[in-house]
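**Student:**
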Amino acid sequence: MMIAGLFLLLSLFPVHPPCTLSYKPEVQHCDSIRPFVPIDHARPDTVDITFLGDVMMHEAQIKSAYRDGGYDFSGYFDNIGGLVSGSDLTVANMEFPVGVEPYTGYPCFSAPYGILEEAASQGIDIMLSANNHICDKGAKGIKSTLDSFRKLNAEYGTLNTGVYRDWETQEKAYPLIIEKNGIRIALLNFTYGTNGIPVPAPYRVNGTDTLELKAALERAASDSADIIIALPHWGTEYSPVHDRHQERLASWLMENGADAIIGTHPHTPQDCSLIDGKPVIYSLGNYISNMSLKGTQIGLAATVRIVRRHGHEAAIKSVSLEYLWSSRAGFKEKGFTTVIIDEMEGRRDEWLNAHDYDRMMSARKKAEKTEEDILLKL
1 MMIAGLFLLL SLFPVHPPCT LSYKPEVQHC DSIRPFVPID HARPDTVDIT FLGDVMMHEA
61 QIKSAYRDGG YDFSGYFDNI GGLVSGSDLT VANMEFPVGV EPYTGYPCFS APYGILEEAA
121 SQGIDIMLSA NNHICDKGAK GIKSTLDSFR KLNAEYGTLN TGVYRDWETQ EKAYPLIIEK
181 NGIRIALLNF TYGTNGIPVP APYRVNGTDT LELKAALERA ASDSADIIIA LPHWGTEYSP
241 VHDRHQERLA SWLMENGADA IIGTHPHTPQ DCSLIDGKPV IYSLGNYISN MSLKGTQIGL
301 AATVRIVRRH GHEAAIKSVS LEYLWSSRAG FKEKGFTTVI IDEMEGRRDE WLNAHDYDRM
361 MSARKKAEKT EEDILLKL
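In the UniProt record's numbering, the protein residues as written are 1 to 378.
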């Protein structure tokens, strides 16, 4: 059950009376006659995009997935299948470079290709790479990551954004613009930094420089994007509330053309707000990880509904949130998994370790105390 009321109730589109045309009919001779299909003016074009938080790859996750010389990440997305299948597009932040052996967890990540394959096979359409860990394995890691995404795109059609082979590629591909159901959506994924590791030339990673962001926003507008969604990797880790730097940049983004902001990085959900009537979700928190600190196992999935009625511009109609729980290996199941909390209520007997279920429901109950504030803000 989605969090009731987390819908941005925007003004209803006006209904105009039909106009009547006077004309003199002509007889036309046709070899074949096609049936006339009238335009359904009441039926809007709609796109639902679901955003997931940080997909982490800690050492315990890598070890747990190891099988006979390979890696099996099944279970990572199995329990959110309904959420993914109910959306037109699903986006996730992949917080690691890919393919550099030996595979390692914190503080310098490198993940097997199998995690990308599992995500793509389970319906993750777009994967984000502009985050503070993308340079953990240097030039070798970025090259391997880009090669992996090229392979993934060929096999599954999955898209990637945030990191590029060179400046020219970045100019052409940033922002990522996708068209779905006749609506063009621009996604701007960028990071506050790369943990002090310089981005090795000639590679490029989207950052928070406002000149660079301004150029990307202008490219989105010139490329006829109907909706622009900013996806910053920012904020203070483990803080449940946003900081002044996030707020300042959020205001700037909205002033310069963004229609919504959905952030990652703090590893815990943060508050939500409206800026000039436009939604800001400062942090979704983790999607899956080996973390167990307070706030790091409960996360959010945000589904943005974009609607365009006939004769009107596209607009964000609603933002709905689901609470997720990242369950470590040996707790809900043998391996790591993430579940939709509200779907698990009353199913304690399904847990291998019921203590994890109790912690999940306790975290959900505490979240309800702040839910009213979120509802008021959105």
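Beta carbons: idealized from backbone N, C-alpha and C, even for Gly.
Since I believe Ser283 is in contact with Thr264 (beta carbons under 8 Å), could you give me their beta-carbon distance rounded to a whole number of angstroms?
**Tutor:** Within the sequence shown, residue 264 is the residue found at index 264, counting from 1. Within the sequence shown, residue 283 is the residue found at index 283, counting from 1. About 6 Å; that satisfies the 8 Å criterion.
**Student:** Report yes if the CB atom of Arg364 is closer than 8 Å to the CB atom of Ile340, and no otherwise.
**Tutor:** Along the sequence shown, one-based indexing puts residue 364 at 364. Along the sequence shown, one-based indexing puts residue 340 at 340. Not a contact, by the Cβ cut-off of 8 Å.
**Student:** With 16 other CB atoms within 10 Å as the buried threshold, where does Gly162 fall?
**Tutor:** To locate residue 162, count along the sequence shown from 1; it is residue 162. Burial call: buried.
**Student:** Nearest to His133 by CA position, among Gln122, Gly105 and Leu152, is which residue?
**Tutor:** Your numbering for residue 133 matches position 133 in the sequence shown. If we check each option's Cα against that of His133, Gly105 comes out closest.
**Student:** Leaving out five residues before and five after Gly157 in sequence, what residues of the same chain have Cβ atoms less than 7 Å from its Cβ?
**Tutor:** Sequence index remark: in the sequence shown, residue 157 carries index 157 (1-based). Nothing meets the Cβ criterion.
**Student:** State the start and end residues of the unbroken beta strand (DSSP E) segment that holds Trp167.
**Tutor:** As a position in the sequence shown, residue 167 is number 167, starting the count at 1. That residue, Trp167, is in no beta strand (DSSP E); its alpha helix (DSSP H) goes Trp167 to Ala173.
**Student:** Considering only C-alpha positions, which residue in the set Arg67, Phe149 and Gly285 is nearest to Trp325?
**Tutor:** Against the sequence shown, residue 325 aligns to sequence position 325. Among Arg67, Phe149 and Gly285, the Cα nearest to that of Trp325 is on Gly285.
**Student:** Just tell me which of Glu350, Ser273, Asn181 and Leu321 has its CA closest to the CA of Pro44.
**Tutor:** Here residue 44 is taken as the residue at index 44 of the sequence shown, counted from 1. Here the closest residue by C-alpha is Asn181.
**Student:** Pair every Cβ in the region 137-156 with every Cβ in the region 246-255, then say whether three or more of these pairs are closer than 8 Å.
**Tutor:** Short answer: they don't touch.
**Student:** Taking three-plus beta-carbon pairs below 8 Å as touching, is the region 212-224 in contact with the region 186-200?
**Tutor:** Flag = yes, the region 212-224 and the region 186-200 touch.
**Student:** Have a look at His267 and Asn290 and give me their C-alpha separation to the nearest angstrom.
**Tutor:** Residue 267 sits at position 267 when you count from the first residue of the sequence shown. Residue 290 sits at position 290 when you count from the first residue of the sequence shown. Answer to the nearest angstrom: the Cα atoms are 11 Å apart.
**Student:** Just verifying my parser: in three-state terms, what is the DSSP assignment at Phe190?
**Tutor:** The residue given as residue 190 occupies position 190 in the sequence shown. It is a strand residue.
**Student:** In angstroms, rounded to a whole number, what distance separates the CA positions of Ile306 and Lys317?
**Tutor:** Residue 306 sits at position 306 when you count from the first residue of the sequence shown. Residue 317 sits at position 317 when you count from the first residue of the sequence shown. Each residue's Cα considered, the two are about 6 Å apart.
**Student:** Alpha carbon to alpha carbon, how far is Lys63 from Tyr71?
**Tutor:** Position 63 of the sequence shown holds residue 63. Position 71 of the sequence shown holds residue 71. For Lys63 and Tyr71, the distance between alpha carbons rounds to 9 Å.
**Student:** Pick from Arg348, Arg328, Glu350 and Leu321: whose alpha carbon is nearest that of Glu368?
**Tutor:** Looking up residue 368 in the sequence shown gives position 368. The residue with the shortest Cα to Cα distance from Glu368 is Leu321.
**Student:** Please specify which runs of the beta strand (DSSP E), each continuous and at least 3 residues long, are wholly inside the region 84-150, giving them in chain order.
**Tutor:** Here the runs fully enclosed are 89-94 and 126-128.
**Student:** Quick check on DSSP: helix, strand or coil for Thr210?
**Tutor:** Translated into positions along the sequence shown, residue 210 becomes position 210. Residue state, collapsed to three classes: helix.
**Student:** Measure from the alpha carbon of Lys366 to the alpha carbon of each residue in Gly311, Gly299, Glu350 and Thr303, then state which is nearest.
**Tutor:** By 1-based counting over the sequence shown, the position of residue 366 is 366. The shortest C-alpha separation from Lys366 is found at Gly299.
**Student:** Can you give me the C-alpha to C-alpha distance between Ile281 and Ile49, rounded to a whole angstrom?
**Tutor:** The sequence position of residue 281 within the sequence shown is 281, counting from 1. The sequence position of residue 49 within the sequence shown is 49, counting from 1. Those two C-alpha atoms are separated by around 14 Å.
**Student:** Would you call the CB atoms of Tyr287 and Leu52 closer than 8 Å?
**Tutor:** The residue labelled residue 287 in the question sits at position 287 within the sequence shown. The residue labelled residue 52 in the question sits at position 52 within the sequence shown. In contact: Tyr287 and Leu52 (Cβ atoms closer than 8 Å).
**Student:** Would you verify that the beta carbon of Pro112 is, or is not, closer than 8 Å to some beta carbon of chain D?
**Tutor:** Protein chain content of the structure displayed is limited to a single chain, and chain D is not contained in it.
**Student:** Where does His355 fall in DSSP's three states?
**Tutor:** Looking up residue 355 in the sequence shown gives position 355. Looking at His355 - three-state DSSP - the assignment turns out to be helix.
**Student:** Determine the DSSP secondary structure at Ala215, reduced to helix, strand or coil.
**Tutor:** Within the sequence shown, the letter at position 215 stands for residue 215. Note: Ala215 maps to helix in three-state DSSP.
**Student:** So for Gly53, helix, strand or coil by DSSP?
**Tutor:** Position 53 of the sequence shown, counted from the start, is the residue given in the question as residue 53. The answer is strand: DSSP assigns Gly53 an E or B state.
**Student:** Check for me: the alpha helix (DSSP H) holding Ser251 runs from which residue to which?
**Tutor:** The residue you call residue 251 lines up with position 251 of the sequence shown. Ser251 -> alpha helix (DSSP H) spans Arg244 to Glu255.
**Student:** DSSP three-state call for Arg364: helix, strand or coil?
**Tutor:** Counting from 1 along the sequence shown, the entry for residue 364 is found at position 364. In this structure, Arg364 counts as helix in the three-state DSSP scheme.
**Student:** If you check the beta carbons only, do Cys135 and Ile124 fall under 8 Å apart?
**Tutor:** Locating residue 135 in the sequence shown gives position 135, where the first residue counts as 1. Locating residue 124 in the sequence shown gives position 124, where the first residue counts as 1. Contact: no.
**Student:** Can you tell me whether Asn353 is buried or exposed, with buried defined as 16 or more other CB within 10 angstroms of its CB?
**Tutor:** Within the sequence shown, residue 353 is the residue found at index 353, counting from 1. Flag for Asn353 reads exposed.
**Student:** Applying the 10 Å Cβ sphere with the 16-neighbour rule, what's the burial state of Arg308?
**Tutor:** The residue labelled residue 308 in the question sits at position 308 within the sequence shown. Buried, by the Cβ-count rule.
**Student:** Would you report the Cα separation of Asp226 and Ala173, rounded to the nearest angstrom?
**Tutor:** On the sequence shown, residue 226 is found 226 positions in, with the first residue counted as 1. On the sequence shown, residue 173 is found 173 positions in, with the first residue counted as 1. Answer to the nearest angstrom: the Cα atoms are 17 Å apart.
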